[in-house]
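Participant: Sharing a structure here in structure tokens format.
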């Protein structure tokens, strides 16, 4: 069977799409910065472990790619868990050097560390998650129970 160029490119495109979809859904143990990205199971109460209290204190933040959450400590020592995706177009926000704001590298939106919108183009705040510590682990509620 002879395959023309158009059919070959179509098959290659479909293969690339399927490969990227499978790769995006594969569980990862850590990212290039060594941050917690474990894909531990979501507990029956909707919480998921995102790391330990020591990891949070050492790194200043914890991230979880499954829930797309970032956990940070406020100046008064409260734990804060936010959706790491900017509501504008979904880019991952990150802490500024001062640690006082979250900034979107794609289009410049800025948020307080509590997720409140400071500057657009985003028009809504970051989604917040319930967060707690239990047995030296930091847990984020990633689903409704």
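Numbering (the numbering used here), first residue to last: 5 to 149. Glycine is no exception: its CB is placed at the ideal position from the N, C-alpha and C atoms. Small disclaimer: the values here were computed from a predicted structure and weren't measured.
Taking the alpha-carbon positions, what's the residue 160 to residue 14 distance?
Facilitator: Nothing about residue 160 can be read from this structure; the chain reaches only from 5 to 149.
Participant: Mind the definition here: the segment 131 to 141 touches the segment 52 to 67 only if three or more C-beta pairs lie below 8 Å; say whether that holds.
Facilitator: yes
Participant: DSSP three-state label for residue 61, please.
Facilitator: Within the chain shown, numbered from 1, the residue matching residue 61 stands at position 57. Helix, per DSSP.
Participant: Which runs of the beta strand (DSSP E) spanning at least 3 residues fall entirely within the segment 87 to 111, listed in chain order?
Facilitator: Complete beta strand (DSSP E) runs here, min 3: 105 to 107.
Participant: What separation, rounded to the nearest whole angstrom, lies between the Cα atoms of residue 117 and residue 104?
Facilitator: What you label residue 117 is simply residue 113 of the chain shown in a count that begins at 1. What you label residue 104 is simply residue 100 of the chain shown in a count that begins at 1. Residue 117 and residue 104: Cα-Cα distance of roughly 6 Å.
Participant: Among 50, 45, 93, 145, whose alpha-carbon lies nearest the alpha-carbon of residue 83?
Facilitator: Reading the chain shown from its first residue, position 79 is the one you call residue 83. The residue with the shortest Cα to Cα distance from residue 83 is 145.
Participant: Just the Cα atoms here: how many angstroms apart are residue 16 and residue 101?
Facilitator: For the purposes of this step, residue 16 is taken as residue 12 along the chain shown, with counting starting at 1. For the purposes of this step, residue 101 is taken as residue 97 along the chain shown, with counting starting at 1. Residue 16 and residue 101: Cα-Cα distance of roughly 42 Å.
Participant: Note the first and the last residue of the continuous beta strand (DSSP E) segment covering residue 131.
Facilitator: Start at 1 with the first residue of the chain shown, and residue 131 comes out as number 127. Unbroken run through residue 131: none, as it is neither H nor E.
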